[in-house]
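Line order of the protein sequences matches chains A and B.
Per the numbering used here, residue 2 is the first one in the first sequence, and the count goes up by one each step.
Per the numbering used here, residue 2 is the first one in the second sequence, and the count goes up by one each step.
Comments concern the structure below.
There are 2 protein chains.
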Amino acid sequence: MGGISSIVSPPRYRRMPQRPRSEGKRAKIVDAAMRHFAEQGYQAARMGDIASALGIAKGSIFQHFGSKDGLFFEVYKKAVRSFPRYLDAPAEVCEAGFFEVLRYWLARTEHLLHEDWIPYRVSLLGNYGTDLSLKREINRFLLAEDPYGTVPFVRFGLEREELRRDLDQEMIVSILDWTMERFQDALLTEELDPGLFRRQGNVMEKKEARIAQFLDVLRRAIGTERRG
Amino acid sequence: MGGISSIVSPPRYRRMPQRPRSEGKRAKIVDAAMRHFAEQGYQAARMGDIASALGIAKGSIFQHFGSKDGLFFEVYKKAVRSFPRYLDAPAEVCEAGFFEVLRYWLARTEHLLHEDWIPYRVSLLGNYGTDLSLKREINRFLLAEDPYGTVPFVRFGLEREELRRDLDQEMIVSILDWTMERFQDALLTEELDPGLFRRQGNVMEKKEARIAQFLDVLRRAIGTERRG
DNA sequence: ACAGTGCTATGACTTGAGGTCAGATTATGG
DNA sequence: CCATAATCTGACCTCAAGTCATAGCACTGT
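In structure tokens, the structure reads:
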């Protein structure tokens with residue numbers, strides 16, 4: 002039996018892992034590419050530059066990621082996965098409620114941006130600066146992974162009776178995703194890319210007021226009423 | 002006097018118009034290009050194809066528009082200018098109020114789309130499917146021209162006391178632009194590009210309900226309160 | 001140790017798109 | 001009907017994405 006099984010059984014594949022050294026290199030490429038995309042934009046970033054910055058051949062990158070689109074998609078996923086989820090806010094903030102969590106993250110955006118602006122810029126590129134075919138992939142990913150944890154966050158708000166129950170949950174999630182993304186993009190681009198969204202000087206000092214206004218609007222829109 | 006002036010005055014330039022045949026050709030190029038961009042997307046559209054579809058040389062297009070970006074920008078402007086402004090709604094709809102105008106246009110989007118989907122697709126490309134440098138140009142244009150007439154429309158809502166006065170007018174305009182653009186894009190892409198935004202079947206039958214929900218949300222957010 | 005076996009890396013090569021320009025062509029003015 | 005300036009042309013250039021045969025490398029079993 003031992004003899005027979007030793008001949009018959011080894012079931013085709015040799016090593017399942019198959020990714021001992023590969024993973025490390027992929028990660029290095031993604032890191033370098035992220036910097037290049039963030040600094041140059043999607044179109045202007047050159048595959049050749051990324052390769053030579055790493056001291057490897059351009060062909061290698063294509064063997065790993067297939068195409069420039071494929072590489073950018075990996076970069077985008079890594080960038081977005083590095084962002085915090087709503088409910089990662091400190092416990093005391095979460096206890097203060099749904100809208101306090103929003104306020105916390107909006108106020109914190111600027112701070113996080115200064116720590117490391119690169120993934121934010123990449124996320125901007127994914128939202129507005131690539132082809133529609135890639136954009137479709139990106140949306141599929143965002144739906145599948147819910148990287149900011151919007152769905153559990155909305156469920157949290159519903160459980161605390163802070164959100165209206167007469168709306169589709171999906172509607173609330175969409176509205177939150179859209180408006181938060183857009184509002185944050187506006188805050189970010191004022192620094193990363195002045196003049197990309199709206200005009201007007203004296204932005205910094207008004208920022209807190211605008212956040213307050215925005216939250217007020219959002220609370221009226223999707224929150225349970227609690228004021229006269 | 003006549004003699005002297007006829008010698009002295011012809012002040013250097015010969016014909017100010019300078020655009021007798023040019024305008025017509027530019028328009029033809031923009032038309033053909035719009036079809037190509039809409040059908041292929043920005044990247045996949047080929048300058049050579051556009052030229053040969055018109056039976057002219059590729060170089061001509063570059064002499065008129067400088068670059069692919071430049072051509073797309075003109076195409077985008079033409080597409081967006083072809084859309085109706087909020088206050089173009091029939092008089093009886095306008096008299097019914099701010100939010101009825103919104104409902105009118107949202108319900109009508111699908112209809113307009115079927116009449117001629119090409120400019121809508123181009124506007125989608127401008128919003129999400131080009132490079133950030135172009136996106137910046139586009140935003141400058143949208144700010145300068147206000148092609149949907151959002152600013153006068155908001156002023157209309159304020160005058161009728163249908164919109165809150167405790168918000169910056171600019172804030173209301175931004176919110177309206179963002180959410181309407183995004184909601185319409187979602188409606189459009191379900192038909193133009195299924196699976197680009199959110200999931201879920203049975204879209205058509207739910208469309209009216211979603212429009213109603215969306216308007217309810219928007220009314221609470223920026224409208225004066227009028228309900229218990 | 002060593003040979004065998006498949007991943008992985010290489011870099012010269014191909015493809016194909018945007019973009020250029022000197023010269024031909026065409027419209028306008030006298 | 002010639003002079004002049006605008007416009008058009010298409011061969012040409014540049015350069016970046018993407019390919020592929022080959023070389024190299026790490027790991028396994030004997």
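From the three backbone atoms N, C-alpha and C, an ideal C-beta is built for every residue, glycine too.
Every value quoted in this text rests on a predicted model; they were computed, and no experiment measured them.
DSSP state of residue i mapped onto helix, strand, coil
| i | result |
| --- | --- |
| B:Leu1 | The requested residue 1 of chain B does not occur in the structure, where chain B is confined to residues 2 to 229. |
| A:Asp186 | helix |
| B:Arg221 | helix |
| A:Arg156 | helix |
| A:Arg211 | helix |
| A:Glu191 | helix |
Where residue i meets chain A, residues with beta-carbon distance less than 9 Å
| i | result |
| --- | --- |
| B:Trp179 | Trp179, Thr180, Arg183, Phe184 and Ala187 |
| B:Met172 | Arg211, Gln214, Phe215 and Val218 |
| B:Leu168 | Gln214, Asp217 and Val218 |
Listed by chain order, chain B residues near residue i by CB distance under 7 Å
| i | result |
| --- | --- |
| A:Arg221 | Arg221 and Ala222 |
| A:Pro176 | It should be pointed out that residue 176 of chain A corresponds to Ile in this sequence rather than to Pro. Ordered by position in chain B, the residues that pass the 7 Å Cβ test against A:Ile176 are Val218. |
Beta-carbon neighbours of residue i, restricted to chain B and to distances below 8 Å
| i | result |
| --- | --- |
| A:Leu126 | Leu133 |
Where residue i meets chain A, residues with beta-carbon distance less than 7 Å
| i | result |
| --- | --- |
| B:Glu44 | The sequence shown places Gln at residue 44 of chain B, rather than the Glu named in the question. The answer, in chain order, is Asp132. |
Fill in: Length at least 4, wholly inside the region 25-85 of chain A: the alpha helix (DSSP H) runs in chain order
Listed in chain order, the alpha helix (DSSP H) elements of length 4 or more contained wholly in the region 25-85 of chain A are 48-55, 59-66 and 69-82.
Worksheet item: In chain order, which alpha helix (DSSP H) runs of at least 4 residues are fully inside the region 77-149 of chain B?
Response: 92-97, 99-116, 119-129 and 133-146
Worksheet item: Are at least three pairs of beta-carbons, each pair with one atom in the region 70-89 of chain B and one in the region 154-171 of chain A, less than 8 Å apart?
Response: Contact between the region 70-89 of chain B and the region 154-171 of chain A is absent, because fewer than three Cβ pairs lie under 8 Å.
Discussion item. So, does the region 143-158 of chain A touch the region 56-72 of chain A, judging by three or more C-beta pairs under 8 Å?
Written reply: The region 143-158 of chain A, when compared against the region 56-72 of chain A, does not touch it at the 8 Å Cβ threshold.
Discussion item. Tell me whether the region 132-142 of chain B and the region 173-193 of chain B touch, counting them as touching only if at least three CB pairs, one residue from each stretch, are closer than 8 Å.
Written reply: no
Worksheet item: Three or more C-beta pairs closer than 8 Å, one from the region 121-130 of chain A and one from the region 37-53 of chain B: is that the case here?
Response: No: fewer than three Cβ pairs fall under 8 Å.
Worksheet entry | Three CB pairs or more closer than 8 Å across the region 88-103 of chain B and the region 211-220 of chain B | Segments in contact, yes.
Practice prompt. Check whether the region 50-58 of chain B touches the region 100-119 of chain B, taking contact to mean three or more Cβ pairs, one atom from each stretch, closer than 8 Å.
Written response: no
Item to complete: State whether the region 176-190 of chain B contacts the region 171-186 of chain A, with contact taken as three or more CB pairs (one from each stretch) at a distance under 8 Å.
Response: yes
Worksheet item: Taking one C-beta from the region 104-117 of chain B and one from the region 24-33 of chain A each time, how about it: are there three or more such pairs within less than 8 Å?
Response: no
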